[in-house]
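Trainee: Under numbering that gives the first Met the number 0, the first residue of the sequence shown is numbered 0, with each subsequent residue one higher.
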Amino acid sequence: MTLTEAEVRAINLIEVLQEEADDDGRLVPEPPEEARTWSEQQIRAYFKSGGAAVPGPATDAAAAVADLAARFPPPDAATFARWLRILCFPNAGNAEDMYTSEGTGVRRAPSPLLDWCRANDAECLAVQPPGRNMRGKEPPFTSCEALAAALLPVLASRLLGAPYVVVAHSVGTWNAYEFLRLAQQQGLPMPAKVFLSGKLRWRC
């Protein structure tokens, strides 16, 4: 049987780690024959755990989450504050404050969304696209796909730690769709719920 280059590297790594374990007095069971198909990370995890971390659905899922976390590190505070306050997508004529503002003075009105978030200790995030409100001097994106591509590195780390929902209105539903489609392509978890609102389709 001819071994692939990757299998040869795996076998060599197993031999080295087995020798190190023997020298340290650590008893590590001999890996199964299929270990030659494991990744370097899986082989090292096996020896580090004393043979307990045998790759399977659970360990593969944990490795996938770790890989995603490494690919999408949290953005710096300035970048995050510039983009997000709650995870909602506004319509074309509004900005993030359609979700995050309760108004002031006589124009103050309660926000069921914010009230619910406070009551349930939920983190609120709202997309603030360029060209609107406090980002009014920035050139707007010309497509929903472009906005999704720019937003994903900012928001991805927030999608890994806890369940999330998406709220979007009108054109915001298009932006939300493109963002979620891109997130799914990158292996990120999908929302527990999606709430979309808008008009019935136009009649020509």
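We put the beta carbon where it would ideally sit given N, CA and C, even for glycine.
In angstroms with no decimal places, state the Cα-to-Cα distance between residue 87 and residue 195.
Mentor: Cα to Cα, the separation comes out at about 10 Å.
Trainee: Spell out the partners DSSP gives residue 193 in its beta bridges.
Mentor: 165
Trainee: Could you pull the start and end residues of the alpha helix (DSSP H) that residue 95 belongs to?
Mentor: Residue 95 -> no alpha helix (DSSP H), and no H or E assigned at all.
Trainee: Buried or exposed, going by whether 16 or more other CB atoms sit within 10 Å of the CB of residue 30?
Mentor: buried
Trainee: Just the Cα atoms here: how many angstroms apart are residue 98 and residue 66?
Mentor: 33 Å
Trainee: Could I get the ranges of all uninterrupted alpha helix (DSSP H) runs contained in the stretch 135 to 160, with 4 residues as the minimum, in chain order?
Mentor: With a minimum length of 4 residues, the continuous alpha helix (DSSP H) runs that stay inside the stretch 135 to 160 are 143 to 154.
Trainee: Taking the alpha-carbon positions, what's the residue 141 to residue 106 distance?
Mentor: Looking at the two C-alpha atoms, the distance is approximately 33 Å.
Trainee: Secondary structure at residue 178, three-state DSSP: helix, strand or coil?
Mentor: helix
Trainee: Check residue 88 in the structure and name its three-state DSSP category.
Mentor: Under the three-state reduction of DSSP, residue 88 is assigned to strand.
Trainee: For a test of the three-state rule: what should DSSP assign to residue 7, helix, strand or coil?
Mentor: Reduced to three states, the DSSP call for residue 7 is helix.
Trainee: Over the uninterrupted alpha helix (DSSP H) stretch that includes residue 116, give me the two end residues.
Mentor: From DSSP, the alpha helix (DSSP H) with residue 116 extends over 111 to 118.
Trainee: Ordered along the chain, which non-local residues of its own chain (more than five positions away) have a Cβ less than 7 Å from that of residue 203?
Mentor: Bear in mind that the predicted position of residue 203 carries a pLDDT of just 49, short of 50, making it too unreliable to give a figure here.
Trainee: Check the C-beta distance from residue 94 over to residue 170 and give it rounded, since I have them as a contact under 8 Å.
Mentor: About 12 Å; that fails the 8 Å criterion.
Trainee: What residue range does the alpha helix (DSSP H) around residue 44 cover?
Mentor: 39 to 47
Trainee: Just to confirm my understanding: we take residue 183, look at its own chain, exclude 5 residues before and 5 after, and list those with CB closer than 8 Å. What are they?
Mentor: 189
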